[in-house]
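What follows is a short report on a single structure.
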Amino acid sequence: MIQQVTQFTDSELETIAQIWLQSNLDAHDFISATHWQDNYDFVKKAFADALIYIYSVDDQPVGFIGMLDDYIAGIFVLKDYRAHGIGKQLLQKVQAEHEKLTLNVYQKNTAAIAFYLKNGFTLVSEQLDSDTNEIENTMEWHR
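First residue of the sequence shown? That's 1 in UniProt numbering, and the numbers climb one at a time after it.
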């Protein structure tokens, strides 16, 4: 079940932040774990400015998509729940509500790039992420 969350309890915020951290550690083994751990508190605070849709199984959050206007800040799904269509359902939810979507994805995250290409996104540019020294691709989707 997908649900929009506008106000988090401390417990919900911690759960979502843990999903963010674990998903990044799993998907970005080419980036030091300390990068994600060092940004943990910053990201928890940033959730207040984002539109968050949570996917839950048996009332337990297992994934979410974070939006800043038309920008997808990320889709994060716990490892045990990946490849079950959860990311696609979260993406379809925001595609139904937007005319255009933009996101950045690390070039080495080939699984994510393939996922976005399969779901109608196109590569529009690439740039260096100075925080990680990794190349990021900017991708866009238009209705």
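The C-beta atom is built at its ideal place from N, Cα and C for all residues, glycine as well.
When the options are compared against residue i, the one with the closest alpha-carbon
| i | options | result |
| --- | --- | --- |
| Ile16 | Thr34, Ala112, Gln60 | Gln60 |
| Asn24 | Val43, Phe76, Asp69, Phe64 | Phe76 |
| Lys118 | Trp141, Lys108, Asp129 | Trp141 |
| Gly87 | Gln22, Val62, Val124 | Val62 |
| Ile65 | Asn39, Val124, Val94, Leu128 | Val94 |
| Ala73 | Glu14, Ala48, Val57, Arg82 | Ala48 |
| Thr132 | Gln7, Asp29, Glu12 | Asp29 |
Residues of its chain near residue i, where Cβ-Cβ distance is below 7 angstroms and the 5 sequence neighbours each way are ignored
| i | result |
| --- | --- |
| Phe121 | Met139, Glu140, Trp141 |
Contact set for residue i: own chain, Cβ-Cβ below 6 angstroms, skip 5 residues either direction
| i | result |
| --- | --- |
| Tyr106 | Glu134, Glu136 |
| Gln4 | Tyr53 |
| Leu103 | Ile72, Met139 |
Distance CB(residue i)-CB(residue j) smaller than 8 angstroms
| i | j | result |
| --- | --- | --- |
| Leu78 | Gln22 | yes |
| Asp70 | Lys100 | yes |
| Leu51 | Met67 | yes |
| Val57 | Tyr81 | yes |
Expected contact under 8 angstroms - CB spacing of residue i and residue j to nearest Å
| i | j | result |
| --- | --- | --- |
| Ile2 | Gln89 | 6 angstroms |
| Ala112 | Ala27 | 7 angstroms |
Span separating the alpha-carbon of residue i from that of residue j
| i | j | result |
| --- | --- | --- |
| Lys45 | Asp10 | 11 angstroms |
| Thr6 | Tyr55 | 14 angstroms |
Neighbourhood of residue i by C-beta, 8 angstroms cutoff - its chain only, sequence neighbours within 5 removed
| i | result |
| --- | --- |
| Ala33 | Leu25 |
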